[in-house]
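Participant: Numbering (the working numbering), first residue to last: 4 to 514.
Where is the CB? At the ideal position from N, CA and C, for every residue including glycine.
Quantities reported herein were computed from a predicted structural model and do not represent experimental measurements.
So that we are looking at the same thing, I have put the structure below in structure tokens.
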């Protein structure tokens, strides 16, 4: 390290970044149909299916706005309960210090907390989808007795420990270091480490997790370069037999919603097990939305249980979601899938959505081909329907990607878009960020009676107002690929991004 050359480090860093971008571009060409045009020694990479990139761009923007809205609401609710004397179940980290060779991580008393700890706990809450409840309490097969709930609790502690550790690299220490001195004399101070046993004891004290389980969890979060591991889900890098270095970018600012799915998979749970709970969750949310609607309550119906249509002729069809609104029947195909984060995952997501659209169309056809049978069958559930009913197929996904962009002519929505229509209105909120209070509310009412709700349904699903403002913000982004010599070629990658205008969106617009 004493002979380190910063020029060499910068070269290696830039080569690594270039390789990463090149790999991503190749994956996009391979999985998402990018084509290459050569014009005057310049290679231009253009997406073959613009809807794939449009759905991705809108999805990223929607995910950010949803997350902001949920976070603000959760923080407002949390502070309301805190004012009444409620305390956090997971205790905050106080200090990290040394006693000889031993590292000590001290924990604050119950009720003592910080805004940073509040953010960690709220992030943990928001990562828990309601339909994951049973899965959260199941023992993870690969960890022998550890549950996903304990993994999440421990993550809050480890993330907060890393945050406190990062704060120890203060401006004072940076100024005190002579960076002209040999690197080995000062560089290690910028890579602080944690003793694994100190982490185990902190997890035990702060989250009431027994040390034996805590050791398994710390090992679970340690990156060994094994198949299925990523730095993002295993952000502790071993630098000794009992010492790890946290990767701060991964552990302090994570995509925790995605990590829950990754941890489930690494823990040995079958991600397919999320399907039935998600379908049941969607049905229960739609039932609740109808019951909350001043217009549709008692007039529209969502079948609350799993529904199987068995016509007298043809095959039986299991239908995830059936909603009857006047003479219109919504036939929904629900898909609980991973939010894509790379080119291959985006392609798999697109394939799943297109497959779901095919299923929704096939099941819709089963109803229209057997109208009399369907009318008779739903009558036993107390639903009155005439044989001239209209069928509207749709796909309901658990992700934000592809939402608002139809697949094979079939609308693709999430639970919030569909639920808000059934409730009858969408509320935008202007927030006072200093006091975390709503300063102004603006309501958009979708319909005034059942007939109007039925007439406007198809247009709403095809172009949800939640998405329109994001769709309006979609624009082309050209990413340059620079030539490294006069003989080399230059390139451009054409992609899309959604940049909504500040005056057209609020953080609370979708909830």
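1) Have a look at 236, 229, 249, 244 and flag the residue whose alpha-carbon is nearest the alpha-carbon of residue 193.
2) Identify which residue in 51, 483, 286, 74 has its Cα closest to the Cα of residue 32.
3) Taking a contact to mean a Cβ-Cβ separation below 9 Å, would you say residue 381 touches residue 325 in this structure?
4) How is residue 128 classed by DSSP in three states: helix, strand or coil?
5) Between residue 475 and residue 347, what straight-line distance do the alpha-carbon atoms span, to the nearest angstrom?
6) Identify, in the order they occur along the chain, each residue of the same chain with its Cβ nearer than 8 Å to the Cβ of residue 232, setting aside the five sequence neighbours on each side.
7) With a cut-off of 8 Å on the beta carbons, I'd call residue 336 and residue 359 a contact; round off their distance for me.
8) Measuring only the C-alpha atoms, how far is residue 22 from residue 493?
9) Below 7 Å CB to CB, which residues in the same chain sit around residue 267 once its five sequence neighbours on both sides are set aside?
10) Anyone know if the C-beta pair for residue 330 and residue 391 falls short of 9 Å?
11) Which value, in whole angstroms, describes the spacing of the CA atoms of residue 159 and residue 43?
12) Could you tell me whether the Cβ atoms of residue 40 and residue 53 are closer together than 9 Å?
13) Assuming the contact rule is C-beta atoms closer than 8 Å, residue 110 and residue 208 should be a hit. Round their C-beta distance to whole Å, please.
14) When DSSP labels each residue in this structure, what does residue 316 get in the three-state scheme?
15) Just to confirm, are residue 131 and residue 255 a CB contact at a threshold of 9 Å?
16) What did DSSP end up calling residue 427 once you bin it into helix, strand or coil?
17) From this set, 423, 26, 323, which residue's C-alpha is nearest residue 286's C-alpha?
18) Can at least three beta-carbon pairs, one atom from the segment 200-215 and one from the segment 96-110, be found at a separation below 8 Å?
19) For residue 271, does the count of other Cβ atoms within 10 angstroms reach 16, so buried, or fall short, so exposed?
20) Quick one: Cα of residue 404 to Cα of residue 67, how far?
21) When the distance is taken between beta carbons, is residue 281 closer than 9 Å to residue 424?
22) Rounded to whole angstroms, what is the Cα-Cα separation between residue 296 and residue 449?
23) If contacts are defined as beta-carbon pairs under 8 Å, then residue 498 and residue 477 qualify, I think. What distance do you get, rounded to the angstrom?
24) Could you tell me whether the Cβ atoms of residue 265 and residue 223 are closer together than 9 Å?
25) Grab me the residues of residue 479's own chain with a C-beta within less than 7 Å of its C-beta, minus the 5 sequence neighbours each way, in chain order.
26) In chain order, what residues of the same chain lie with their CB nearer than 6 Å to the CB of residue 100, ignoring the 5 residues before and after it?
27) Grouping DSSP H, G and I as helix and E and B as strand, with all else coil, what is residue 339?
28) Which full runs of the alpha helix (DSSP H) of 4+ residues lie inside the segment 50-116, going along the chain?
29) Got a sec? Which residues, its chain only, sit under 7 Å from residue 293 by beta carbon, not counting five neighbours each side?
30) Residue 366 by DSSP, collapsed to three states: which one?
31) Nearest CA to the CA of residue 148: which residue from 88, 163, 213?
32) Can you name, in chain order, every residue of its own chain whose Cβ lies under 6 Å from the Cβ of residue 9, other than the five neighbours on each side?
33) Determine the closest residue to residue 434 out of 15, 71, 313, 92, with distance taken between C-alpha atoms.
34) What first and last residue would you give for the alpha helix (DSSP H) that runs through residue 166?
35) Would you decide whether residue 87 is buried or exposed? Buried here means 16 or more other CB atoms lie within 10 Å of its CB.
36) Rounded to the nearest angstrom, what separates residue 161 and residue 432 at their Cα positions?
Facilitator: Result, derived from the coordinates:
1) 249
2) 51
3) yes
4) helix
5) 27 Å
6) 226, 269
7) 4 Å
8) 16 Å
9) 138, 151, 274
10) yes
11) 53 Å
12) no
13) 4 Å
14) coil
15) no
16) coil
17) 323
18) yes
19) exposed
20) 12 Å
21) no
22) 11 Å
23) Rounded, the Cβ-Cβ distance is 11 Å, inconsistent with contact.
24) no
25) 497, 499
26) 107
27) coil
28) 53-86
29) 299, 300, 303, 305, 425
30) helix
31) 213
32) none
33) 71
34) 151-170
35) exposed
36) 35 Å
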